[in-house]
Amino acid sequence: MLNNKSILITGGTGSFGKAFVKTILKRYPDVKRLVIFSRDELKQFEMAQQFSDAEYPALRYFIGDVRDADRVRRAMEGVDIVIHAAALKQVPAAEYNPFECIKTNVLGAQNVIEACFDTEVKKVVALSTDKAAAPINLYGATKLCSDKLFTAANNVKGKRDLRFSVVRYGNVMGSRGSVIPFFLQRRQTGALPITDPAMTRFNISLQDGVEMVLWALQHAQGGEIFVPKIPSYRITDIAQAIGPDCDHPIVGIRPGEKIHEEMITASDSFNTVDLGKYFAILPSAGQHSAESYCASCGGHPVAPGYAYDSGSNTDFLTVDQLRELIAEHVLNPEISAA
């Protein structure tokens, strides 16, 4: 699927970018070019030490920011596929720096889309978040706006052979700034702070996120927001799995946090189809109806009013399962790579 293709990853030095690159280099040895586009020269240098030029001649490193439309356009010259992973993602930081978050997450998305229009890009997959569903914080609102930009781009592409789609998933296990590495670091202090004992979150491994993007590249018709069927966990069970002998003081939720995360709202249900392993939220204004989409790719529409959130999810991870997953995907990530 990706052999002899040129691929660009915005935010390519992040957790997802490194896992995606590692998977592509293993599975598609004849990939033509793999461009890492990011603004951090140190992270690019460190990544280049991990993936040497001699062993992986297809890799390219472009310093740039998605806020810079000219640089984004230049980086996409000769590119076939774009994976848009660049974003400001920390909820509290976005609440206190809203202008900066909008510049990267919204205007940056627009720059990526317009650069694709101006070049020969064929497929685009943008990474989203569960916080974009019924957002209550600025980060989620900017990602919802970004999602809308990417799905609507299919309506204004003209005659271009170009498809835009989005993947939306929950907390990536062990990603930077998430609760698991935070608890692992705090374990030695003897106290793991709990925001709210009722809090739940969706959980997905980094590799499963990579697999979902690859699936979307192969199956997207354009305009979909793909959502995976994944388990939830309780924040108290994470604390028990990591520090059963630690104190678990209740400290209250942070600004902009939800008790339960959502990925499909009841309002989305009228445009949502069940594809088996994934859901697809179809654009309300676009080329797909639920019936025609199911006829072309299988699946069936979900029931009107259906909602998918981490609190009412029927699949919850136990404490023992969480310990095993943390050992596999966080403490020993090499054994979980494809």
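Taking our numbering, the leading residue of the sequence shown gets 98, the next gets one more, and so forth.
We put the CB at the ideal spot given by N, CA and C, even for glycine.
Query: Using 8 Å as the Cβ pair cut-off and three pairs as the minimum, do the segment 206 to 226 and the segment 238 to 250 touch?; Result: yes
Query: Relative to the C-alpha of Tyr405, which candidate in Pro341, Tyr266, Ala172 has its C-alpha closest?; Result: Tyr266
Query: Here's the rule: buried if 16 or more other CB atoms are within 10 angstroms of the residue's CB, otherwise exposed. What is Gly98?; Result: One detail in the question is off: residue 98 reads as Met in this sequence, not Gly. The residue is exposed, with fewer than 16 neighbouring Cβ atoms inside 10 Å.
Query: Rounded to the nearest angstrom, what separates Ala151 and Arg130 at their Cα positions?; Result: 14 Å
Query: Compute the distance between the beta-carbons of Leu105 and Val163, then report whether it is under 7 Å.; Result: no
Query: For a test of the three-state rule: what should DSSP assign to Ala435, helix, strand or coil?; Result: Confidence in Ala435 is poor, its pLDDT being 37 and thus under 50, which makes the residue's placement unreliable; the coordinate value appears in the next sentence. It is coil, neither helix nor strand.
Query: Suppose you measure from the CA of Ile322 to the CA of Gly395; what does that come to, to the nearest Å?; Result: 16 Å
Query: Rounded to whole angstroms, what is the Cα-Cα separation between His316 and Ile347?; Result: 44 Å
Query: When you compare only the Cα positions, how much space is there between Val222 and Val264?; Result: 7 Å
Query: Leaving aside the five residues before and after Val416 along the sequence, list all residues of the same chain whose C-beta is less than 6 Å from its C-beta, in chain order.; Result: Asp334, Gln337, Ala338
Query: Just to confirm the assignment, what range does the alpha helix (DSSP H) spanning Val209 have?; Result: 205 to 215
Query: Between which residues of its own chain and Leu122 is the CB-CB distance below 6 Å, once the five residues before and five after are set aside?; Result: Tyr153
Query: Compute the distance between the beta-carbons of Met270 and Ser225, then report whether it is under 7 Å.; Result: no
Query: Can the beta-carbon of Ala183 be found closer than 7 Å to that of Gly108?; Result: yes
Query: Quick check: the Cα distance between Ile126 and Ser149, rounded to an integer number of angstroms?; Result: According to the sequence displayed, residue 126 carries Pro and not Ile. Pro126 and Ser149: Cα-Cα distance of roughly 14 Å.
Query: Could you check where the beta strand (DSSP E) with Arg331 kicks off and where it finishes?; Result: 329 to 331
Query: Between Thr292, Lys228, Asn251, which lies nearest to Pro380 when the distance is taken from Cα to Cα?; Result: Asn251
Query: Just verifying my parser: in three-state terms, what is the DSSP assignment at His357?; Result: coil
Query: Could you pull out every residue in the same chain whose Cβ sits closer than 7 Å to the Cβ of Ala172, ignoring the five residues on either side in sequence?; Result: Leu105, Val132, Phe134, Phe159, Gly161
Query: Using DSSP with H/G/I as helix, E/B as strand and the rest coil, what is Ile347?; Result: strand
Query: Spatial neighbours of Ile233 within its chain, please: C-beta separation below 7 Å, excluding the five flanking residues on both sides.; Result: Gly353, Lys355
Query: Going by beta carbon distance, what residues of the same chain come within less than 7 Å of Glu138, once the five residues before and after it are set aside?; Result: Ile160
Query: I'd like to check one pair, Ile332 with Ser291: are the Cβ atoms closer than 7 Å?; Result: It should be pointed out that residue 291 corresponds to Ile in this sequence rather than to Ser. In this structure, Ile332 lies closer than 7 Å to Ile291 by Cβ.
Query: Does the Cβ of Phe113 lie closer than 6 Å to at least one heavy atom of the ligand NAD?; Result: Among the ligands in the structure shown, none appear at all, so the ligand NAD cannot be discussed.
Query: Rank Gly320, Glu174, Phe142 by C-alpha distance to the C-alpha of Ala382 and give the top, closest one.; Result: Gly320
Query: Per DSSP, Tyr158 is paired with what?; Result: Ile133
Query: Indicate the three-state DSSP secondary structure (helix, strand or coil) for Asp244 in the structure shown.; Result: helix
Query: Which value, in whole angstroms, describes the spacing of the CA atoms of Ile327 and Thr239?; Result: 24 Å
Query: CB-CB under 6 Å to Ala377, same chain, minus the five flanking residues each way: which ones, in chain order?; Result: Glu321, Phe323, Val370
Query: Give, in chain order, every unbroken run of the beta strand (DSSP E) that is at least 3 residues long and sits entirely within the segment 372 to 426.; Result: 375 to 378
Query: Following the continuous alpha helix (DSSP H) through Ala145, name the residue where it begins and the one where it ends.; Result: 138 to 147
Query: Arg260 and Lys220: beta carbons closer than 7 Å?; Result: yes
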